[in-house]
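In this note's numbering, the protein residues as written are 354 to 746.
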């Protein structure tokens, strides 16, 4: 079957009526895209929000996000055109039509097998596979309880009802959890050739929540209740801003204490890959260096902070909550990622520049740091309010 191989560039922007639309970009006299300029109802408008995309049929209509820069969209379009040309000359195989028949169980098993293969070749993270497996098997069981076993029988209503059920089943009644599950299942259905919904139909949740950090009083009470080993673990979270997996799989050969550095790098032995596949050096203060010098290697184990059996300690959250509970504080207020947020906010409040903090924390771009900058904005706003009312008094 002959399909349209034309690849076009668009930008997904938010219009004045609040709706998101795909709009054509504006080109200059040299046929280059004018950054952030799009055509809306025949008129040129400036839209800094949104992302550039490419659109093509292969064999069905496909939209692919390319990023916030026109150059990224142009490069993606050129790669896709080159791929189509290679298909035309038989250099690579043409995509086959996705099978939409069979049972949901068969489709889930096949999809997870493909995802597991991508984990083995390094293109996907094990955590992604684990999360996807839990959600898809839950969706499969949900459908089977309602008498639906055929993949082709799934409708938009099934997906919407599943999201509502996921919200009700969430212990914290989290709409964000329901949103995540909706999108995961929708991705699976699209991959199997069933386009019953779009991500716009996903449950909405409150965005830009306040960044929660530990107060000095909370940290003081917490560390008083720690034994020496627990103190090293949570001091490392607090003073290095590490992610949980980065600390769990940290080995002694990654500690360069003479330079005051923790090296975050790939560790095939423990099947560990840094987030966004980015290695980095995390510089740590002398206080933490001295704490880590006290840690002695365990026989036959190269992990810095393993369990007593010499295995990766993946129950740090349980440990954290138990320590908080011993102090009489609410354990629901204690989370591992909150140490990382406290680290970022502390660094910004004490003058660290954004680019340095991004490198320390291993964020792929500056947008990830923006949520921590809101804490500084709140500080300034509080000062202004105090000053206004002090003058009025």
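The beta-carbon is built from N, C-alpha and C at its ideal position, and this holds for glycine as well.
Across the segment 598-612 and the segment 566-584, are there enough close Cβ pairs to call them in contact, namely three or more that are closer than 8 Å? no
Integer-rounded CB distance, given that residue 632 should sit under 8 Å from residue 618: 5 Å
Given this structure, state the Cα-to-Cα distance separating residue 455 from residue 732, to the nearest angstrom. 57 Å
Relative to the C-alpha of residue 375, which residue among 407, 387, 396 is closest? 407
Please list the terminal residues of the continuous beta strand (DSSP E) segment that includes residue 390. 386-393
Identify every residue that forms a DSSP beta bridge with residue 406. 363, 418
Measure the C-alpha to C-alpha separation of residue 620 and residue 741 and round it to an integer number of angstroms. 54 Å
For residue 634: DSSP bridge partner residues: 616
Any idea if residue 592 is buried or exposed, counting beta-carbon neighbours within 10 angstroms, 16 or more meaning buried? buried
Can you name, in chain order, every residue of its own chain whose Cβ lies under 8 Å from the Cβ of residue 425, other than the five neighbours on each side? 405, 419
Pull up the CB-CB distance for residue 677 and residue 541, whole angstroms please, since I reckon it's below 8 Å. Going by Cβ atoms, the distance from residue 677 to residue 541 rounds to 37 Å, so no, they are not a contact pair.
What does DSSP give as the partner residues of residue 375 in its beta bridges? 365
Using a 10 Å radius around the Cβ and a threshold of 16 neighbouring Cβ atoms, would you call residue 556 buried or exposed? buried
Just tell me which of 515, 509, 480 has its CA closest to the CA of residue 497. 515
Kindly list the residues whose CB is nearer than 8 Å to the CB of residue 520, restricted to its own chain and excluding five residues on each side of it in sequence; keep chain order. 526, 527, 528, 530, 531, 556
So residue 602 and residue 623 are supposed to be a Cβ contact under 8 Å. How far apart are they, rounded? 5 Å
Decide if residue 356 is buried, meaning its Cβ has at least 16 other Cβ atoms within 10 Å, or exposed. Residue placement at residue 356 cannot be trusted, given a pLDDT of 48 that sits under 50; what the coordinates show is reported in the next sentence. Per the 10 Å Cβ criterion, exposed.
Could you spell out the range, first to last residue, of the alpha helix (DSSP H) harbouring residue 569? 569-577
Suppose contacts are defined by Cβ-Cβ distances below 7 Å. Is residue 390 in contact with residue 399 by that definition? yes
Any contact of the segment 654-672 with the segment 532-539, i.e. 3+ C-beta pairs under 8 Å? no
Secondary structure of residue 400, DSSP reduced to three states: coil
Enumerate in chain order the residues of its own chain whose CB-to-CB distance from residue 435 is below 6 Å, with the five nearest sequence positions on each side excluded. none
Would you tell me roughly how many angstroms separate the C-alpha atoms of residue 747 and residue 743, rounded to the nearest one? The structure shown does not extend to residue 747, since the chain is modelled only from 354 through 746, so no value can be given for it.
Any idea if residue 416 is buried or exposed, counting beta-carbon neighbours within 10 angstroms, 16 or more meaning buried? exposed
Local conformation of residue 590 per DSSP, three classes: helix
As assigned by DSSP and simplified to three states, the class of residue 690: helix
Drop a sphere of 10 angstroms on the beta-carbon of residue 545, count the other beta-carbons inside from all chains shown, and report buried for 16 or more, exposed for fewer. buried
Within 10 angstroms of the Cβ of residue 690, are there 16 or more other Cβ atoms? Answer buried if so, exposed if not. exposed
Is residue 517 helix, strand or coil by DSSP? helix
Residue 693, buried or exposed, once every other Cβ within 10 Å from all chains shown has been counted against 16: buried
Grab me the residues of residue 657's own chain with a C-beta within less than 7 Å of its C-beta, minus the 5 sequence neighbours each way, in chain order. 603, 604, 605, 608, 648
Rounding to the nearest angstrom, what Cα-Cα distance links residue 401 and residue 365 in this structure? 10 Å
Nearest CA to the CA of residue 567: which residue from 703, 369, 695? 695
Assuming residue 715 contacts residue 628 under a Cβ cut-off of 8 Å, what Cβ separation, rounded to an integer in Å, is found between them? 6 Å
Residues bridged to residue 656 (per DSSP): 604
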